[in-house]
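K.L.:
Before we start, here is the structure in question, set down as structure tokens.
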Amino acid sequence: MTEIARGLEGVNVTTTKLCRIDGQKGELVYAGYNIYDLAEHSTFEEVAFLLWNQRLPNAEELAALKAELVAERELSPLVNTVLREIWAEVRPMRTLEVAVEIIGAEDRKSSDLSNAQLKKTAARLTAKMATVIAMYDRLRHGKEPVAPRADLNHAANFLWMLTGEEPTELAKRTFDVALILHAEHEMNASTFSAMVTASTLSDMYSAIASAIGTLKGPLHGGANEAVYKVLEEIKTPDQIKAHVDALTARGERVMGIGHRIYKTTDPRANILEKLGHKVAETSPDRHYFDLSLKLRDYLAEKLQGKPLYPNVDFFSASVYKMLGIPSDLYTPIFALARITGWTAHLLEQYADNRLVRPNAVYQGEENKTYQPVATR
Ligand SMILES: CC(C)(COP(=O)(O)OP(=O)(O)OC[C@H]1O[C@@H](n2cnc3c(N)ncnc32)[C@H](O)[C@@H]1OP(=O)(O)O)[C@@H](O)C(=O)NCCC(=O)NCCS
186 MTEIARGLEG
196 VNVTTTKLCR
206 IDGQKGELVY
216 AGYNIYDLAE
226 HSTFEEVAFL
236 LWNQRLPNAE
246 ELAALKAELV
256 AERELSPLVN
266 TVLREIWAEV
276 RPMRTLEVAV
286 EIIGAEDRKS
296 SDLSNAQLKK
306 TAARLTAKMA
316 TVIAMYDRLR
326 HGKEPVAPRA
336 DLNHAANFLW
346 MLTGEEPTEL
356 AKRTFDVALI
366 LHAEHEMNAS
376 TFSAMVTAST
386 LSDMYSAIAS
396 AIGTLKGPLH
406 GGANEAVYKV
416 LEEIKTPDQI
426 KAHVDALTAR
436 GERVMGIGHR
446 IYKTTDPRAN
456 ILEKLGHKVA
466 ETSPDRHYFD
476 LSLKLRDYLA
486 EKLQGKPLYP
496 NVDFFSASVY
506 KMLGIPSDLY
516 TPIFALARIT
526 GWTAHLLEQY
536 ADNRLVRPNA
546 VYQGEENKTY
556 QPVATR
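If you're matching positions, the sequence shown starts at 186 in my numbering and goes up one per residue.
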């Protein structure tokens, strides 16, 4: 019988210099650098450069990239107008998709697929997507958008545009690390969909719109918001057992647990947990973080023997909650970070393109006789 690689599990579709994951050991490496090192010492801007160039920038290169990102933060009048028209009807991930397509429509060089131009597009989207999400959230809360601040880095500026308040040093660093952790993850579903779109030599904006649509689903980026919903339903530690037992008895999955690649704890969950403890020390909003810790412990007991451990989404929900971020922005924030990984893979794809076109094994009927509609 012909073998079918359902979900393309275990299939290598390309080579990459961007990311290596060892799911058994819980190892995640961006272009040679371990994620624990990057989370400890690096910044989101540095990681963006690393992914786009496979090396860390020197001081001059880092300053140039920061300046480029700052210069690209403002949105065009058209994007502004559209956001003001749609915010009441459209959820944040689709808003992002729409905005990316308009930014692409306004770029006269969108079909220039040279490496230099694609890198400009990557920086443009990285900068503007953050402004889009912050503006969207302000508008839906009946507030005017907050102008970006050139003196703040990407992470701090996003929190500033979202709240209109100067974030604490701890909030800035926590969010910066969260962006680093979500920046890249090898051939996940959204990266693959971006790659498929680009493989037709469609432009980078359309490829990123495809990726955003793919990230939206609850089995991928949507899981962090789904984790938040679970915590909301559980409410208090004494409800954990009853809630989880009922959920698994219905054959449902616990969000934020399990991974196609990791068969041990996702290293990003370890890093977020550690950060969460720091943030919780001074947060008035630590309840869901404490609840997550207890939920994790109960799941470890209940799922003993199964390779099901917390993934990146498990702690991001309660950490973002402590930063005061609304739960339906958790997945868009994932996109604001992953835009760097998506575009880095697209640079690789455009540089060595081959149309992605697998097969499907036909199992339908044969030799049927066409009947005109009047006789059917
Ligand atoms: C991420 C995910 C889709 C990967 O799943 P996958 O590689 O397709 O794994 P499978 O669906 O083959 O699952 C293997 C087994 O583990 C179980 N399982 C997987 N994830 C589970 C979860 N979150 N809760 C309970 N059971 C789970 C499956 O039911 C299956 O059990 P079975 O063998 O008894 O039928 C899956 O773990 C999941 O749905 N997790 C929740 C969503 C999530 O957090 N996504 C974010 C990923 S970063």
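Think of the CB as a built atom: it goes at the ideal place given N, C-alpha and C, for glycine as much as any other residue. Only a predicted model underlies this, so the values are computations on that prediction, with no experimental measurement involved.
What does the alpha-carbon distance come out to for the pair Arg-293 and His-472?
P.N.:
For Arg-293 and His-472, the distance between alpha carbons rounds to 49 Å.
K.L.:
For the alpha helix (DSSP H) containing Asp-430, list its first residue and its last residue.
P.N.:
First-last of the alpha helix (DSSP H) with Asp-430: 425 to 434.
K.L.:
Leaving out five residues on either side along the sequence, give the residues of the same chain with a beta carbon under 7 Å from the beta carbon of Ile-425.
P.N.:
Result list for Ile-425: Ile-419, Lys-479, Leu-480, Tyr-483, in chain order.
K.L.:
For ligand 1, any of its heavy atoms closer than 7 Å to the Cβ of Leu-493?
P.N.:
Yes - ligand 1 has a heavy atom lying nearer than 7 Å to the Cβ of Leu-493.
K.L.:
Figure out for me which residue from Ser-503, Ala-427, Thr-376 has the closest Cα to the Cα of Lys-487.
P.N.:
Cα-wise, what sits closest to Lys-487 is Ala-427.
K.L.:
Answer with buried or exposed for Asn-342, where buried requires no fewer than 16 other C-beta atoms within 10 angstroms of its C-beta.
P.N.:
Under this definition Asn-342 is a buried residue.
K.L.:
Please report how far the alpha carbon of Val-331 lies from the alpha carbon of Arg-435, in whole angstroms.
P.N.:
Their Cα atoms are separated by approximately 45 Å.
K.L.:
In this structure, does DSSP put Asp-513 in helix, strand or coil?
P.N.:
It is helical.
K.L.:
Within its chain, find whatever has a CB closer than 6 Å to the CB of Gly-289; leave out the 5 residues flanking it on each side and keep chain order.
P.N.:
Cβ within range, chain order: Ser-295, Tyr-390.
K.L.:
Leaving out five residues before and five after Asp-470 in sequence, what residues of the same chain have Cβ atoms less than 7 Å from its Cβ?
P.N.:
Lys-506, Met-507, listed in sequence order.
K.L.:
Among the residues of its own chain, which have a CB less than 7 Å from the CB of Tyr-535, if the five just before and after it don't count?
P.N.:
Cβ within range, chain order: Leu-298, Leu-303, Ala-383.
K.L.:
Distance check for Asn-544 and Glu-351, CA to CA, integer angstroms please.
P.N.:
Each residue's Cα considered, the two are about 53 Å apart.
K.L.:
Report all residues from its chain with a CB closer than 7 Å to the CB of Glu-246; omit the five preceding and five following residues, and keep chain order.
P.N.:
Closer than 7 Å at the Cβ level, and outside the excluded window around Glu-246, lie Phe-234.
K.L.:
What I want to know is whether the C-beta of Asn-496 ends up closer than 7 Å to one or more non-hydrogen atoms of ligand 1.
P.N.:
Yes, the beta carbon of Asn-496 sits closer than 7 Å to at least one heavy atom of ligand 1.
K.L.:
Which runs of the alpha helix (DSSP H) fall wholly inside the stretch 490 to 541 and span at least 4 residues, in chain order?
P.N.:
Within the stretch 490 to 541, the complete alpha helix (DSSP H) runs of at least 4 residues are 497 to 507, 515 to 536.
K.L.:
Rounded to whole angstroms, what's the CA-CA distance from Ser-468 to Ala-244? Just pull it up for me.
P.N.:
Roughly 35 Å between the two C-alpha positions.
K.L.:
Using DSSP with H/G/I as helix, E/B as strand and the rest coil, what is Arg-205?
P.N.:
Looking at Arg-205 - three-state DSSP - the assignment turns out to be strand.
K.L.:
Could you check how far apart the C-beta atoms of Met-314 and Ile-524 are, in whole angstroms? I think they sit under 8 Å.
P.N.:
Indeed, because the Cβ distance is near 6 Å, the residues count as touching under 8 Å.
K.L.:
Report the residue from Val-464, Val-198, Glu-369 whose alpha carbon sits nearest the alpha carbon of Phe-500.
P.N.:
The candidate whose alpha carbon is nearest that of Phe-500 is Val-464.
K.L.:
Using 7 Å as the cut-off, classify the Cβ of Leu-310 as near or not near the heavy atoms of ligand 1, replying yes or no.
P.N.:
No; taking the cut-off as 7 Å, the Cβ of Leu-310 has no heavy atom of ligand 1 nearer than that.
K.L.:
Going by beta-carbon coordinates alone, are Leu-366 and Leu-281 separated by less than 8 Å?
P.N.:
No. Outside cutoff.
K.L.:
Go ahead and pull the three-state DSSP assignment for Ser-447.
P.N.:
A small fix is needed here, since residue 447 is Tyr in this sequence, not Ser. The answer is coil: DSSP assigns Tyr-447 none of H, G, I, E or B.
K.L.:
Where does Asn-197 fall in DSSP's three states?
P.N.:
Note: Asn-197 maps to coil in three-state DSSP.
K.L.:
Which whole-angstrom value describes the C-beta separation of Ala-396 and Trp-527, a residue pair presumed to lie in contact below a C-beta threshold of 8 Å?
P.N.:
Going by Cβ atoms, the distance from Ala-396 to Trp-527 rounds to 5 Å, so yes, they are a contact pair.
K.L.:
DSSP on Ile-365, reduced to helix/strand/coil?
P.N.:
If DSSP states are grouped into helix, strand and coil, Ile-365 belongs with the helices.
K.L.:
Does ligand 1 have even one heavy atom less than 7 Å from the beta-carbon of Gly-402?
P.N.:
Every heavy atom of ligand 1 is 7 Å or more from the Cβ of Gly-402, so no.
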